[in-house]
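Residue numbers (this note's numbering): 3 to 229. Cβ atoms here follow ideal geometry from the backbone N, Cα and C, with glycine treated the same way. Computed from a predicted structure; not experimentally measured. Notes follow the structure.
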Amino acid sequence: MPRPPRISRAAVLDEALRTLDEEGVEGLSMRRLAQRLGVTSPSLYKYVRDREGVHEAVVDAIVREITGDWHPSGGWRTELTSLAHRYFRTFRRHPNAVPLVMHRPTRNPHSLDGLEGVFGALSRDGWPPQDAARAVLLVESYALGATLTAVSPGIPPSEADLETRPSLAAALTGEHRAFRLTEEDFHLGLAMVLDGIARDLAPASAADGHDATPPTARPGGPAQPRH
């Protein structure tokens with residue numbers, strides 16, 4: 003009689019993340035995970051307590067990807083840029099993880115440590131706590147929305163769809179043929195968000211010139227001074 007395959011908690015969690023990437027949240031069940039590992043479902047309970055435990059462990063792995071080896075020590079703009087990039091890179095690799103992460107409160111120690119570092123950077127640059135919270139939320143919201151747009155099915159229209167829609171046909175060309183956000187779009191949009199934060203929210207005493215480009219000008223006029 004063949005011996006069952008040997009597994010470990012690390013192997014279970016690695017396979018859980020692959021299952022999530024390939025089959026979505028719906029496929030991330032104890033039964034499906036056992037099938038993929040070539041074991042029986044009861045044998046998994048030694049490593050994870052139940053399906054909810056699998057989901058929690060996957061969220062922990064995702065958060066580790068976002069905040070792992072991150073020790074914020076730069077200015078506010080450098081750290082908000084890094085935060086956005088980390089969200090964008092991680093969720094582009096694991097788009098199916100977004101619902102799992104977003105539907106759970108942030109109690110993960112890795113996530114809390116990362117946020118502590120970001121808020122520490124803003125505090126060192128003279129940000130009042132409430133303005134710092136608003137800036138971080140704005141950047142997180144942009145990064146998550148941009149990620150969802152980058153990995154969405156987009157609008158892949160046929161030639162027939164475009165024949166009677168000339169404005170749409172003109173827009174859906176080149177790298178925007180499928181109407182999905184590109185990495186270049188992400189960087190441009192992030193710079194615009196940060197420029198707006200610098201202009202309208204950052205304290206006048208915040209030192210951001212050494213780690214950022216100057217705020218971009220508004221259409222029709224120069225960039226407005228920060229208050």
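A Cβ-Cβ contact shorter than 8 Å links Val-60 with Ala-99. Residues of the same chain with a CB within less than 6 Å of the CB of Glu-81, apart from the 5 flanking positions on each side, are Pro-74, Val-120 and Ala-123 in chain order.
Rounded to the nearest whole angstrom, the C-alpha separation of Glu-177 and Leu-102 is 30 Å. Residue burial annotation: Ser-160 is exposed, with fewer than 16 other C-beta atoms found within 10 angstroms of its C-beta. The criterion of a C-beta distance shorter than 8 Å is not satisfied by Ala-208 and Asp-115.
For His-96, the secondary structure class from DSSP, reduced to helix, strand or coil, is coil. In the displayed model, Tyr-49 falls within coil according to three-state DSSP, outside both helix and strand. Leaving aside the five residues that flank Phe-90 on each side, the residues in its chain whose CB is nearer than 7 Å to its CB run, in chain order, Ala-145, Ala-148, Thr-149 and Phe-188.
Rounded to the nearest angstrom, the Cβ distance from Thr-69 to Ser-113 is 6 Å, consistent with a contact under 8 Å. Where Thr-184 is concerned, there is no enclosing alpha helix (DSSP H), because DSSP gives it neither an H nor an E.
Runs of the beta strand (DSSP E) spanning 3 or more residues and lying entirely within the segment 85–156 do not occur at all. Shown here, Asp-23 sits in a helix according to DSSP, grouped into three states.
Note that the C-beta distance between Glu-54 and Arg-38 is not below 8 Å. Within 10 angstroms of the beta-carbon of Asp-197 lie 16 or more other beta-carbons, which makes it buried.
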